[in-house]
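Chemist: Dropping a structure here in structure tokens format, bear with me for questions.
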Amino acid sequence: MGGLQNVRSVALIGHNGSGKSLLLAQLLYRSGLLDRADTKYVDYDPVEEEKGASFSSHVASLEWKGKKLYLIDTPGFSDFISEVINGIFVSENIISVVNAVAGVEIQTERTWNIADEMKKPIMVFVNQMDKERANFENVIAELKERFSRKIVPVVVPIGAAENFEGVVDLLKKKAYRYNGDKVQEEDMPENFNDVRSEILEDIVEQDEELMMRYLDGEEIGYDELMRVLREGYKKGEIVPVLSGSALKGIGLDVLLDYLGDIGSSPEEAPSYKALLEDGTEIEMKFSEEEPFCAYIFKSVVDQFVGRITFAKVIAGVLRSGDTIVNVQKDVSEKLGHIYVPILKQQKEVESAGPGEIVVLLKLKEGAVGETLAHRDRRVRVVPPAFPEPMFSRSVHPKTKSDIDKISNGLSRLSDSDPTFVWEYDPETGETVVSGLGAMHLDVMIERLKKIFGVDVEVGKPKIAYRETITTTAVAEHKHKKQTGGHGQYGHVKIQLEPLPRGQGYEFVDRIVGGVIPRNFIPSVDKGIREAMKKGVLAGYPVTDVRVILFDGSYHEVDSSDISFQIAAIQAFKKGMEAARPVILEPIMEVDVFVPEENAGDVMGEISSRRGRPLGMEPSGKGMVKVKAEVPLAEMLDFSSKLSSITSGRGYFTMRFQRYEIVPPNIQEKIIEERRREMQEQEK
Numbered sequence: 001m002g003g004l005q006n007v008r009s010v011a012l013i014g015h016n017g018s019g020k021s022l023l024l025a026q027l028l029y030r031s032g033l034l035d036r037a038d039t040k041y042v043d044y045d046p047v048e049e050e051k052g053a054s055f056s057s058h059v060a061s062l063e064w065k066g067k068k069l070y071l072i073d074t075p076g077f078s079d080f081i082s083e084v085i086n087g088i089f090v091s092e093n094i095i096s097v098v099n100a101v102a103g104v105e106i107q108t109e110r111t112w113n114i115a116d117e118m119k120k121p122i123m124v125f126v127n128q129m130d131k132e133r134a135n136f137e138n139v140i141a142e143l144k145e146r147f148s149r150k151i152v153p154v155v156v157p158i159g160a161a162e163n164f165e166g167v168v169d170l171l172k173k174k175a176y177r178y179n180g181d182k183v184q185e186e187d188m189p190e191n192f193n194d195v196r197s198e199i200l201e202d203i204v205e206q207d208e209e210l211m212m213r214y215l216d217g218e219e220i221g222y223d224e225l226m227r228v229l230r231e232g233y234k235k236g237e238i239v240p241v242l243s244g245s246a247l248k249g250i251g252l253d254v255l256l257d258y259l260g261d262i263g264s265s266p267e268e269a270p271s272y273k274a275l276l277e278d279g280t281e282i283e284m285k286f287s288e289e290e291p292f293c294a295y296i297f298k299s300v301v302d303q304f305v306g307r308i309t310f311a312k313v314i315a316g317v318l319r320s321g322d323t324i325v326n327v328q329k330d331v332s333e334k335l336g337h338i339y340v341p342i343l344k345q346q347k348e349v350e351s352a353g354p355g356e357i358v359v360l361l362k363l364k365e366g367a368v369g370e371t372l373a374h375r376d377r378r379v380r381v382v383p384p385a386f387p388e389p390m391f392s393r394s395v396h397p398k399t400k401s402d403i404d405k406i407s408n409g410l411s412r413l414s415d416s417d418p419t420f421v422w423e424y425d426p427e428t429g430e431t432v433v434s435g436l437g438a439m440h441l442d443v444m445i446e447r448l449k450k451i452f453g454v455d456v457e458v459g460k461p462k463i464a465y466r467e468t469i470t471t472t473a474v475a476e477h478k479h480k481k482q483t484g485g486h487g488q489y490g491h492v493k494i495q496l497e498p499l500p501r502g503q504g505y506e507f508v509d510r511i512v513g514g515v516i517p518r519n520f521i522p523s524v525d526k527g528i529r530e531a532m533k534k535g536v537l538a539g540y541p542v543t544d545v546r547v548i549l550f551d552g553s554y555h556e557v558d559s560s561d562i563s564f565q566i567a568a569i570q571a572f573k574k575g576m577e578a579a580r581p582v583i584l585e586p587i588m589e590v591d592v593f594v595p596e597e598n599a600g601d602v603m604g605e606i607s608s609r610r611g612r613p614l615g616m617e618p619s620g621k622g623m624v625k626v627k628a629e630v631p632l633a634e635m636l637d638f639s640s641k642l643s644s645i646t647s648g649r650g651y652f653t654m655r656f657q658r659y660e661i662v663p664p665n666i667q668e669k670i671i672e673e674r675r676r677e678m679q680e681q682e683k
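Reading the sequence shown from the start, the letters are residues 1 to 683 in our numbering.
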């Protein structure tokens, strides 16, 4: 079974409730790896077990008719989109699982768009055909309406809801009727001939010579149809659609067959961008000849095992006993055992090659997005872009014994999710966690409790405000301190200038004539960076500032690194106060999906929240999409209000757009509230 051509990596994407986890469990059951199809084998994280939903990706491998399949079940909630992004990033095939009742939902679109951006081929599995009100034709119509790729249903259902009994493979002209685990194969019923003719036209038009033969009335053989379908799928021009029921196990063997027959192998996949040690960008194809390289796409914190690392091998062959390097952390690891994933279980293997997914236990370091490589070629895979965490809350350990445990727990959790970050402020004694939304933070805090045994009190939501300046100012500070022995002396003159929004920080060295020695210039830069962690208005981080160091002085004996750092910190504070500082707030790009009759009320609600409605467009099924820009501070309770306006039918997505200056009256409230917070912390 060896060889790149026999490997298939597949990400299951889609909206929450489309049945991805049960589909994965059923595929494993059908291939003989589980004794029964049950999502408890999939959602085994302690928080997932309690909530009965997936909040992280789950990985399993199986063998099917000479092919080795790696399946990655991704969560359907938007707050856990980083798991979806990484699942798609390391997969050569995408199955968009669509609920046959609900049709194309918001996460269907969002996850599909991510796969599109990464140029991954997509097939659709219309699931839950056994459910009441399941409608395959409606789903096909929605897919054609929403997406630009050619939608080609190749496996269609026989019946629906309580009458759903099997599927027809239109290319093979075969029907499969299911009775429990038994499948009866028969010839395609004649009433499917018209449907077959429609999809044949969609397929043959991809090949001019084939199309001419078809138009001349020639019967096109199965092998030729599959060849053209395979080529169209791999180029991203055709989306094959299959149907079935994960609950009843209908159509799953046909789905596995199609993955094996038309699925893209690693050797046909796009290359990965990577950086050499000197920063040179290269393209990495899957190759056995290159030195070992693997990308960490998932890291699990297990209370019994410790760190469990999932990595996609891109180059070389990994063998047990090898010494590898975590490139970002510059840490060498001697490997013990290598495993392939089967959900909670792992199967030990001696080696793994390109395109395969491995599980490594108890690595010293292994955060998501990092690269493991051969020590002689420390190449670093460029990870995909992840959304910026914008929702923050403070967390306080309930007992003193939890204070030491909390930083370890939060560090391990942030290693597992690039969209979850935390920061401890030693001055205020406050720990702040940030993520993509309220559900995201709730789940991470629950994991902190259940996995690390740390009980915390959670503060109210925090907004990632920033501070900046609006005009140019010059400032200087002379730090002079004389004690016994060496004193301290550092003297700097700086100019502060505002930068365009989103530019961050720029340090310019204009020292001439050695008035400050070269070895102290980095100390000034370091001091300014330190000062920028807390602005002068409300203690928020400072951004979009250029600092020009143009003059100063030093003392041959008393000057030191710390002296110039202190001088720079004080000069920056003075300069910022003189440069008309303001507070910046995050502005979100918001898409609100609502019934047409509620659109006016929703636009009014957005306007009342300091938002700017940008227009409206149809979104199918009597729904419209309202596009708007709204300050994040105004979106914290929007979900409940939207639900009230639309009787639960509305939903929205949002992503960070930019920072903007807060209106003066709002700024005063923010400063006053921040002052109260700091006073309470000092008590």
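The beta-carbon is built from N, C-alpha and C at its ideal position, and this holds for glycine as well.
Name the DSSP bridge partner or partners of Glu348?
Modeler: Locating residue 348 in the sequence shown gives position 348, where the first residue counts as 1. In the DSSP output, where bridge partners are listed per residue, Glu348 has Tyr339.
Chemist: Can you say whether Asp187 is buried or exposed, counting buried as having 16 or more other CB atoms within 10 angstroms of its CB?
Modeler: Along the sequence shown, read from residue 1 onward, the residue named residue 187 stands at position 187. Exposed, since its Cβ has fewer than 16 Cβ neighbours within 10 Å.
Chemist: Of all the alpha helix (DSSP H) runs that stay within the bounds of the region 545 to 593, which reach a length of 4 or more residues?
Modeler: Entirely contained in the region 545 to 593, the alpha helix (DSSP H) runs reaching 4 residues are, in chain order, 561 to 578.
Chemist: Give me the residue from Gly514, Thr646, Ser560 with the minimum Cα distance to Glu596.
Modeler: The count along the sequence shown starts at 1 and reaches residue 596 at position 596. Cα-wise, what sits closest to Glu596 is Thr646.
Chemist: Identify, in the order they occur along the chain, each residue of the same chain with its Cβ nearer than 6 Å to the Cβ of Pro384, setting aside the five sequence neighbours on each side.
Modeler: For the purposes of this step, residue 384 is taken as the residue at position 384 of the sequence shown. Answer for Pro384: Ile85, Phe89, listed in chain order.
Chemist: Is Tyr465 helix, strand or coil when you go by DSSP?
Modeler: Within the sequence shown, residue 465 is the residue found at index 465, counting from 1. Tyr465: coil per DSSP, three-state reduction.
Chemist: So, does the region 10 to 20 touch the region 270 to 279, judging by three or more C-beta pairs under 8 Å?
Modeler: No: fewer than three Cβ pairs fall under 8 Å.
Chemist: What separation, rounded to the nearest whole angstrom, lies between the Cα atoms of Asp591 and Pro522?
Modeler: Counting from 1 along the sequence shown, the entry for residue 591 is found at position 591. Counting from 1 along the sequence shown, the entry for residue 522 is found at position 522. So the alpha carbons of these two residues sit roughly 44 Å apart.
Chemist: Under the assumption that Leu413 contacts Met444 (Cβ atoms under 8 Å), give the Cβ distance between them as a whole number of angstroms.
Modeler: Reading the sequence shown from its first residue, position 413 is the one you call residue 413. Reading the sequence shown from its first residue, position 444 is the one you call residue 444. That pair is a contact at about 6 Å.
Chemist: Would you mind reading off the limits of the beta strand (DSSP E) that contains Leu242?
Modeler: The residue you call residue 242 lines up with position 242 of the sequence shown. Element bounds for Leu242: 238 to 243.
Chemist: Going by C-alpha distance, which of Arg149, Asp257, Tyr222 is nearest Val233?
Modeler: Residue 233 sits at position 233 when you count from the first residue of the sequence shown. Reading off the sequence, residue 233 comes out as Tyr, not Val. Closest by alpha carbon: Arg149.
Chemist: How many Å lie between Pro655 and Phe507 at the Cα?
Modeler: Position 655 of the sequence shown, counted from the start, is the residue given in the question as residue 655. Position 507 of the sequence shown, counted from the start, is the residue given in the question as residue 507. Reading off the sequence, residue 655 comes out as Arg, not Pro. C-alpha separation (whole angstroms): 30 Å.
Chemist: Would Tyr70 and Ser61 qualify as a contact pair, given that the criterion is a beta-carbon distance under 8 Å?
Modeler: To locate residue 70, count along the sequence shown from 1; it is residue 70. To locate residue 61, count along the sequence shown from 1; it is residue 61. Taking 8 Å as the Cβ cut-off, Tyr70 and Ser61 qualify as a contacting pair.
Chemist: Does the Cβ of Val557 have 16 or more other Cβ atoms within 10 Å, making it buried, or fewer, making it exposed?
Modeler: Here residue 557 refers to the residue found at position 557 when the sequence shown is read from its first residue. Label assigned to Val557: exposed.
Chemist: Return the chain-ordered ranges of every alpha helix (DSSP H) run that is complete within the region 249 to 298 and spans a minimum of 4 residues.
Modeler: DSSP runs (the alpha helix (DSSP H)) wholly in the region 249 to 298: 252 to 262.
Chemist: Quick one: what's got a C-beta closer than 8 Å to Lys228's C-beta in the same chain, skipping five residues either side?
Modeler: Position 228 of the sequence shown holds residue 228. First, the residue type needs correcting, since residue 228 is Val and not Lys in the sequence shown. If we look at Val228 and ignore the five residues flanking it on each side, its Cβ neighbours are Ile203, Val204, Gln206, Asp207, Leu210.
Chemist: If Gly527 sits next to Ile569, beta carbons under 8 Å apart, how far is it from one beta carbon to the other, in whole angstroms?
Modeler: In the sequence shown, counting from the first residue as 1, residue 527 sits at position 527. In the sequence shown, counting from the first residue as 1, residue 569 sits at position 569. 5 Å between Cβ atoms; contact.
Chemist: Drop a sphere of 10 angstroms on the beta-carbon of Met1, count the other beta-carbons inside from all chains shown, and report buried for 16 or more, exposed for fewer.
Modeler: Position 1 of the sequence shown, counted from the start, is the residue given in the question as residue 1. The predicted model places Met1 with a pLDDT of 43, which falls under 50 and marks its position as unreliable, so this point remains unresolved.
Chemist: Counting only the same chain and skipping the five closest in sequence on each side, list residues whose C-beta sits under 7 Å from that of Gly514.
Modeler: Here the question's residue 514 lines up with position 514 in the sequence shown. Here the set comprises nothing.
Chemist: Using the Cα positions of Val155 and Glu190, report the straight-line distance between them to the nearest angstrom.
Modeler: Taking the sequence shown and counting its residues from 1, one reaches residue 155 at position 155. Taking the sequence shown and counting its residues from 1, one reaches residue 190 at position 190. The alpha-carbon atoms of Val155 and Glu190 are separated by roughly 15 Å.
Chemist: Can you tell me which of the three DSSP states Glu668 falls into?
Modeler: By 1-based counting over the sequence shown, the position of residue 668 is 668. Correct three-state label for Glu668: helix.
Chemist: Can you look up Val7 in the DSSP assignment and give me helix, strand or coil?
Modeler: Here the question's residue 7 lines up with position 7 in the sequence shown. Three-state DSSP puts Val7 in a strand.
Chemist: Compare the C-alpha of Ala571 against each of Val474, Lys625, Arg377, Arg501 and name the closest.
Modeler: Residue numbering aside, residue 571 sits at position 571 when the sequence shown is read from its first letter. That would be Val474, whose Cα lies nearest to the Cα of Ala571.
Chemist: Hey, quick one: how far does the beta strand (DSSP E) through Ile687 stretch, first residue to last?
Modeler: Because the chain spans 1 through 683 in this model, residue 687 falls outside it and cannot be assessed.
Chemist: In or out: Ile403 buried (at least 16 other Cβ within 10 Å) or exposed?
Modeler: Looking up residue 403 in the sequence shown gives position 403. Flag for Ile403 reads exposed.
Chemist: Keeping to the same chain, check which residues put their C-beta closer than 6 Å to that of Gly611; ignore five residues upstream and five downstream.
Modeler: As a first step, residue 611 must be located in the sequence shown, where it is residue number 611. Excluding positions up to five away in sequence, the list reads Ala628, Val630.
Chemist: Terminal residues of the continuous alpha helix (DSSP H) containing Asn519?
Modeler: Position 519 of the sequence shown, counted from the first residue, corresponds to residue 519. Taken as a continuous stretch (DSSP letters only), Asn519 belongs to no alpha helix (DSSP H), as it is neither H nor E.
Chemist: Leaving out five residues on either side along the sequence, give the residues of the same chain with a beta carbon under 8 Å from the beta carbon of Leu225.
Modeler: By 1-based counting over the sequence shown, the position of residue 225 is 225. So the list reads Leu171, Leu200, Ile203, Val204, once near-sequence residues are dropped.
Chemist: Between the Cα of Asp637 and the Cα atoms of Val624, Phe652, Val626, which residue gives the shortest distance?
Modeler: Here residue 637 corresponds to residue number 637 of the sequence shown, with the count starting at 1. Asp637 has its Cα closest to that of Phe652, out of Val624, Phe652, Val626.
Chemist: How about Glu660 and Leu584: are their beta carbons less than 8 Å apart?
Modeler: Working through the sequence shown from its first residue, we reach residue 660 at position 660. Working through the sequence shown from its first residue, we reach residue 584 at position 584. Yes, they are a contact pair.
Chemist: Identify whether Ala100 lies in helix, strand or coil by the three-state DSSP scheme.
Modeler: By 1-based counting over the sequence shown, the position of residue 100 is 100. In this structure, Ala100 counts as coil in the three-state DSSP scheme.
Chemist: Is Val454 near Pro387, with beta carbons less than 8 Å apart?
Modeler: Taking the first residue of the sequence shown as position 1, residue 454 is located at position 454. Taking the first residue of the sequence shown as position 1, residue 387 is located at position 387. Not in contact: Val454 and Pro387 (Cβ atoms no closer than 8 Å).
Chemist: Can you tell me which of Tyr222, Leu23, Ser401, Arg674 puts its alpha carbon nearest to the alpha carbon of Leu12?
Modeler: Numbered from its first residue, the sequence shown carries residue 12 at position 12. Of the listed residues, the one whose Cα sits closest to Leu12 is Leu23.
Chemist: Please report the residue range of the beta strand (DSSP E) in which Lys61 lies.
Modeler: Here residue 61 corresponds to residue number 61 of the sequence shown, with the count starting at 1. According to the sequence displayed, residue 61 carries Ser and not Lys. Start and end: 58 to 64.
Chemist: Which same chain residues, not among the five before or five after His477, have their C-beta less than 7 Å away from its C-beta?
Modeler: Mapped onto the sequence shown, residue 477 falls at position 477. Once the five neighbours on either side are set aside, the close Cβ partners of His477 are Val492, Ala567, Gln570, Ala571, Lys574.
Chemist: So what's Tyr505 in DSSP terms, helix, strand or just coil?
Modeler: Residue 505 sits at position 505 when you count from the first residue of the sequence shown. The answer is strand: DSSP assigns Tyr505 an E or B state.
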